Amino acid sequence: MEPKLPYDKTSPKSILSYAQNLQDKSLVDVLGPEIVQTYKGKGKLGQLLEELYFQYKPNSNSEPDFKEARVELKTSPIKKISKGFVSKERLVFNIINYLEEHKEQFRTSSFWKKNHLLLLMFYLYEQETIDLKYVFKIIRLWQFPATDLKIIKDDWEAIIKKIRDGKAHEISEGDTLYLGACTKGADHNSLRPQPFSDERAMQRAFSLKSKYLNYIIEKSLLKEELVIDYEEYDKILGENIVSEPSSYLRVNFGDAEPVVKTIYDYKRGETFEELINRKFAPYFGLSEVEIFDKLAIADTHSKSKFFLLSREIIKAILGVTKNKIEEFEKADIEMKTIRLEAKGSLKESMSFAQIKFKEIIHEEWENSYWYSTLTKRFFFVVFQKDHDCYILKRVLFWTMPPGDLKIAKDFWLDTKAKIESDDYNHFIKISDNRICHVRPKGANSKDVMETPTGRLEKKKCYWLNSSYIRQVVS
DNA sequence: GCATGATCATGC
DNA sequence: GCATGATCATGC
Numbered sequence: 013m014e015p016k017l018p019y020d021k022t023s024p025k026s027i028l029s030y031a032q033n034l035q036d037k038s039l040v041d042v043l044g045p046e047i048v049q050t051y052k053g054k055g056k057l058g059q060l061l062e063e064l065y066f067q068y069k070p071n072s073n074s075e076p077d078f079k080e081a082r083v084e085l086k087t088s089p090i091k092k093i094s095k096g097f098v099s100k101e102r103l104v105f106n107i108i109n110y111l112e113e114h115k116e117q118f119r120t121s122s123f124w125k126k127n128h129l130l131l132l133m134f135y136l137y138e139q140e141t142i143d144l145k146y147v148f149k150i151i152r153l154w155q156f157p158a159t160d161l162k163i164i165k166d167d168w169e170a171i172i173k174k175i176r177d178g179k180a181h182e183i184s185e186g187d188t189l190y191l192g193a194c195t196k197g198a199d200h201n202s203l204r205p206q207p208f209s210d211e212r213a214m215q216r217a218f219s220l221k222s223k224y225l226n227y228i229i230e231k232s233l234l235k236e237e238l239v240i241d242y243e244e245y246d247k248i249l250g251e252n253i254v255s256e257p258s259s260y261l262r263v264n265f266g267d268a269e270p271v272v273k274t275i276y277d278y279k280r281g282e283t284f285e286e287l288i289n290r291k292f293a294p295y296f297g298l299s300e301v302e303i304f305d306k307l308a309i310a311d312t313h314s315k316s317k318f319f320l321l322s323r324e325i326i327k328a329i330l331g332v333t334k335n336k337i338e339e340f341e342k343a344d345i346e347m348k349t350i351r352l353e354a355k356g357s358l359k360e361s362m363s364f365a366q367i368k369f370k371e372i373i374h375e376e377w378e379n380s381y382w383y384s385t386l387t388k389r390f391f392f393v394v395f396q397k398d399h400d401c402y403i404l405k406r407v408l409f410w411t412m413p414p415g416d417l418k419i420a421k422d423f424w425l426d427t428k429a430k431i432e433s434d435d436y437n438h439f440i441k442i443s444d445n446r447i448c449h450v451r452p453k454g455a456n457s458k459d460v461m462e463t464p465t466g467r468l469e470k471k472k473c474y475w476l477n478s479s480y481i482r483q484v485v486s
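Per my numbering, the first sequence starts with residue 13, numbered consecutively.
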């Protein structure tokens, strides 16, 4: 006889309402302080929740945690910043089995079977606290809105295509928009075989990007309910699914005023990136003045006018009004404009954020600003000089290849070491030809920042060399 | 002509 | 108020 559970394990709503008893509380608050003695140091929060609170043993990998209700339990840390709460890290799903996953379609994939309905429990991370004392701030069921599911399915297919092409070792988180393939394993020696190449690939897991989680967190705190358009689900998942026995569970959300986001007018088989490309096309060949005119907005004298203009084009083609473009935010896409000379060369290198002297010395490469920036998906808008104006030539999405990332890592290690030894005069220069370089970036030459040793130094920032960008866009 | 240092409009 | 996304200016 199984013990009687305090919830109905076949019902997502019952599981949710039991979980919600933890709202603004920790496991210790609910189960009593004596659990600290017994369970301190025994497993991570997710595992402790399963065993102590939901009272089940973690089950087989291929099924959701609550298999009868088909609900997968996920815990994830959030942190407080001045503007509210944001995700602390990406949400990691199941490990990608390179040898098996490629045999499936999205609908039958390990990712979708396990993760189509999530019970998300966000807790407030505090450095000095043990897992049992973390306080849960957001507890909710989550299904992906159809417009996001479309992108997630394309992401899954992009990852699978790399496996099928024998390039599992070249997968990067920047390859995809919402669903990433993040590295997973104690160290980089966790190499796994792949089916179509002898090269062993780093172990990876499906994951949701931190910026996507911010979107879930924001919607949840605003109590904004999303209504899932299940007709679109059917179109995305497969044409005959309506007549098939339901292979996934549909859950209606709460009673709040629904927000339905209509899905973009994709052409058959088109990805989000292809859609952006197609919608940009009518602007190709136009000068900056013509585009300002076409969009009926005033020209500016800002040094970032091509950036501002590009953003306005995206807003126009997607029919949105906010400067923060939802898909670009959630996918953490880095938009950059590139101005080519008439002959195709680049006059300027590409600048990034200031180097925070006091922070970089505490960073490791894989949690550094420079690593997280260079592993993003980039969106380049390319203009080219034509007599006295610039013409919009084309747009492209891009991710830095792994080999170049290694060069950038050496550059970053060098920069960090120089700052640690209080040397601000011998950073890697553009003429060193190492893909990136360091150069000043401040309001003027008197704009300074404190160093770890307590001195003041001119503000500097990271740059990608113009020669490197030229090679990327040509 | 290019490398390097200096600076600017915008918007969060 | 200041970081961002950039471009401008100068000197070798």
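Cβ coordinates follow ideal geometry from the N, Cα and C atoms, glycine included.
None of these values were measured; they are calculated from a predicted model.
- Cα atoms of proline 76 and histidine 374: separation of roughly 38 Å, rounded to the nearest angstrom.
- Judged by DSSP in its simplified three-state form, glycine 192 adopts strand.
- Setting aside the 5 residues that flank it on each side, leucine 404 is surrounded in the same chain by Tyr295, Phe296, Leu298 and Phe395, each with a C-beta closer than 6 Å to its C-beta; the list follows chain order.
- The region 123–137 makes contact with the region 83–96, as at least three CB pairs between them are under 8 Å.
- Under the three-state reduction of DSSP output, tyrosine 110 falls in the helix class.
- Under the three-state reduction of DSSP output, histidine 128 falls in the coil class, being neither helix nor strand.
- Note on the region 343–415: whole alpha helix (DSSP H) runs with a minimum of 4 residues are 369–372 and 381–386, in chain order.
- Between the region 171–183 and the region 202–219, the count of Cβ pairs shorter than 8 Å is three or higher; the stretches touch.
- Taking lysine 359 as reference, the option from Lys441, Lys428, Ser478 and Leu425 with the minimal CA-CA separation is Ser478.
- Taking every protein chain shown into account, the CB of alanine 343 has 16 or more other CB atoms within 10 angstroms, so this residue is buried.
- Assignment of proline 76 by DSSP, reduced to helix, strand and coil, places it in the coil class.
- Below 8 Å, too few C-beta pairs join the region 326–334 and the region 421–434 to call them touching: fewer than three.
- Around the Cβ of cysteine 401, a 10 Å sphere holds fewer than 16 other Cβ atoms; the residue is exposed.
- If one requires a minimum length of 4 residues, the alpha helix (DSSP H) runs lying completely within the region 132–193 are 158–176, in chain order.
- Under DSSP, the beta-bridge partners assigned to tyrosine 474 are Val450.
- In terms of Cα proximity to lysine 37, the closest of Leu136, Glu112 and Glu113 is Leu136.
- Counting only residues of its own chain and dropping the five nearest sequence neighbours on each side, leucine 17 has a CB closer than 7 Å to the CB of Gln67.
- Threonine 387 and tryptophan 475 have their C-alpha atoms spaced approximately 15 Å apart.
- One alpha carbon belongs to glutamine 206, the other to phenylalanine 340, and they sit about 31 Å apart.
- Setting aside the 5 residues that flank it on each side, glycine 356 is surrounded in the same chain by Gln396, Arg482 and Ser486, each with a C-beta closer than 8 Å to its C-beta; the list follows chain order.
- In its chain, beyond the 5 residues on either side, Pro18 and Tyr19 have a beta carbon closer than 7 Å to the beta carbon of tyrosine 30.
- Taking 8 Å as the upper bound for CB-CB distance, tyrosine 227 and isoleucine 175 are not in contact here, some 28 Å apart.
- Put simply, the region 44–62 touches the region 140–150. At least three CB pairs are less than 8 Å apart.
- Residue state for arginine 102 is assigned as coil, using DSSP reduced to three classes.
- Where lysine 92 is concerned, the enclosing beta strand (DSSP E) starts and stops at 84–93.
- Boundaries of the alpha helix (DSSP H) around phenylalanine 284: 284–292.
- In the three-state scheme derived from DSSP, where H, G and I count as helix and E and B as strand, alanine 310 is classed as coil.
- Taking C-beta atoms under 8 Å as the contact rule, isoleucine 150 and isoleucine 229 qualify, at a distance of about 6 Å.
- Counting every other CB atom within 10 Å of its CB across the protein chains shown gives histidine 114 a total of 16 or more, marking it as buried.
- Apart from sequence neighbours up to five positions away, the residues of its chain that approach leucine 320 with a beta-carbon distance below 7 Å are Thr312 and Ser314, ordered along the chain.
- For serine 202, no beta strand (DSSP E) encloses it, and the DSSP letter there is neither H nor E.
- In the structure shown, aspartate 210 adopts extended strand secondary structure according to DSSP, grouped into three states.
- Checking the DSSP bridge columns, you'll see glutamine 35 partnered with Phe148.
- The straight-line gap separating the alpha-carbon atoms of glycine 415 and aspartate 305 is approximately 42 Å.
- Per the coordinates, the alpha-carbon of glutamate 300 lies some 15 Å from the alpha-carbon of alanine 354.
- Sixteen is the threshold: when 16 or more other Cβ atoms of the shown chains lie within 10 Å of the Cβ of valine 393, as they do, the residue is buried.
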